[in-house]
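S.K.: Take this structure, written in structure tokens, and hold onto it; I'll ask about it next.
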């Protein structure tokens, strides 16, 4: 019914470049070489800061496969609703290397005054690495598609999404943070547009309504406009928020009845920034108590 629900694992657990054998090789097995991947040492970049004027992270960038010759980190930021980009936030050519990210060097990279940083501002960091073979690896996961002959092909990046999303890998290729603010229920209520929906219940820019929950630390994401389920009129995500940090947990109020498919229950977690009207969630979709589809990102922005 939905292609998004068919998961294809295209790469092994450490980004690997596959080279096919030929008859001349007289080798019945494929040859694998290590790809390029950078990771943090002991410290992992935090997903939130609570004070825009006191952002501080010091960590170590490590060469996971001992084959990197360069690591370049780019930053994209949304500050006061305006987007800024710098493709050369930092570059390292020896490993391990210590990295410091703070209010001042973020502001310098964006060419703004540090005082302009405030609650709700967000920062995304993406790395490009080059190996000693000259191969470049990006912080972008591969995409699957079909060519004109209906043959499955891979496009986009060359880094396994497990390496970008898995906590255990201490990913230094793609990470982000936001300046969190205390949760206020009245601020979160309203109409939102979909920024990203990996589960594909909603198109990008589709509108959904958010209403108050029964307690001051809850709200509901209504699914009245979800055309894939038969019970959308009574279905919603119930989100519970930590009042101080905005850390959020989610569950569906009932099983979502997908037309001619399955009944699915949903659980998730993420972050709610009520002062900026930003909701970022990662949801798990269960067809049984133990099986389903995990880590589907849902991002919303208040209109």
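Numbering (my numbering), first residue to last: 585 to 887.
Glycine included, each C-beta is placed from N, C-alpha and C at the ideal position.
None of these values were measured; they are calculated from a predicted model.
1) How should residue 619 be labelled, buried or exposed, when 16 other C-beta atoms within 10 angstroms of its C-beta is the threshold for buried?
2) Between 764, 818, 867, which has its C-alpha nearest residue 856's C-alpha?
3) Around the Cβ of residue 715, are there at least 16 other Cβ atoms within 10 angstroms (buried) or fewer (exposed)?
4) Provide the residue(s) that pair with residue 877 in DSSP beta bridges, ordered along the chain.
5) Can you find the residues in the same chain that come closer than 8 Å, C-beta to C-beta, to residue 773, ignoring five residues on each side of it along the sequence?
6) Does the distance from the C-beta atom of residue 623 to that of residue 754 stay below 7 Å?
7) Who are the Cβ neighbours of residue 886 in its own chain at under 6 Å, not counting the five residues just before and after it?
8) Tell me whether the region 682 to 698 and the region 847 to 855 touch, counting them as touching only if at least three CB pairs, one residue from each stretch, are closer than 8 Å.
9) Among 680, 668, 676, 685, whose alpha-carbon lies nearest the alpha-carbon of residue 629?
10) Give the range of the beta strand (DSSP E) segment to which residue 715 is assigned.
11) Using the C-alpha atoms, what's the distance from residue 651 back to residue 880?
12) With burial defined as no fewer than 16 other Cβ atoms inside 10 Å of the residue's Cβ, what is the status of residue 817: buried or exposed?
13) So what's residue 882 in DSSP terms, helix, strand or just coil?
14) Helix, strand or coil for residue 860 per DSSP?
15) Near residue 638, which residues of its chain fall below 7 Å by C-beta distance, leaving aside the five closest residues on each side in sequence?
16) For the alpha helix (DSSP H) containing residue 733, name the first residue and the last one.
17) What residue from 815, 798, 847 has the CA that sits closest to residue 823's CA?
18) Tell me the rounded alpha-carbon separation between residue 827 and residue 771.
19) Measure the Cβ-Cβ separation of residue 814 and residue 843 and say whether it is below 7 Å.
M.R.: Put simply:
1) One-based indexing of the chain shown puts residue 619 at position 35. Label assigned to residue 619: buried.
2) As a first step, residue 856 is located in the chain shown; it is residue number 272 there, counting from the start. Closest option to residue 856, Cα to Cα, is 764.
3) Within the chain shown, residue 715 is the residue found at index 131, counting from 1. In this structure residue 715 is buried. Its beta-carbon is surrounded by 16 or more other beta-carbon atoms within 10 angstroms.
4) Within the chain shown, the letter at position 293 stands for residue 877. Residue 877 is bridged to 869.
5) Counting from 1 along the chain shown, the entry for residue 773 is found at position 189. 794, 795, 796, 803.
6) In the chain shown, the residue the question calls residue 623 occupies position 39. In the chain shown, the residue the question calls residue 754 occupies position 170. Closer than 7 Å, so yes.
7) Locating residue 886 in the chain shown gives position 302, where the first residue counts as 1. Closer than 6 Å at the Cβ level, and outside the excluded window around residue 886, lie 774, 776, 861.
8) no
9) As a first step, residue 629 is located in the chain shown; it is residue number 45 there, counting from the start. Checked all of 680, 668, 676, 685; the closest Cα to residue 629 is 685.
10) Here residue 715 corresponds to residue number 131 of the chain shown, with the count starting at 1. Segment 706 to 715, the beta strand (DSSP E) holding residue 715.
11) As a working mapping, residue 880 is identified with position 296 in the chain shown. As a working mapping, residue 651 is identified with position 67 in the chain shown. Each residue's Cα considered, the two are about 32 Å apart.
12) In the chain shown, the residue the question calls residue 817 occupies position 233. Burial call: exposed.
13) Your numbering for residue 882 matches position 298 in the chain shown. Under the three-state reduction of DSSP, residue 882 is assigned to strand.
14) If you number the chain shown from 1, residue 860 lands on position 276. Three-state DSSP puts residue 860 in coil, outside helix and strand.
15) As a first step, residue 638 is located in the chain shown; it is residue number 54 there, counting from the start. 687, listed in sequence order.
16) Position 149 of the chain shown, counted from the first residue, corresponds to residue 733. No alpha helix (DSSP H) contains residue 733, which DSSP labels as neither H nor E.
17) Counted from its first residue, the chain shown places residue 823 at position 239. Residue 798 holds the alpha-carbon nearest to the alpha-carbon of residue 823 among 815, 798, 847.
18) Counting from 1 along the chain shown, the entry for residue 827 is found at position 243. Counting from 1 along the chain shown, the entry for residue 771 is found at position 187. About 12 Å.
19) As a first step, residue 814 is located in the chain shown; it is residue number 230 there, counting from the start. As a first step, residue 843 is located in the chain shown; it is residue number 259 there, counting from the start. Going by C-beta atoms, residue 814 is nearer than 7 Å to residue 843.
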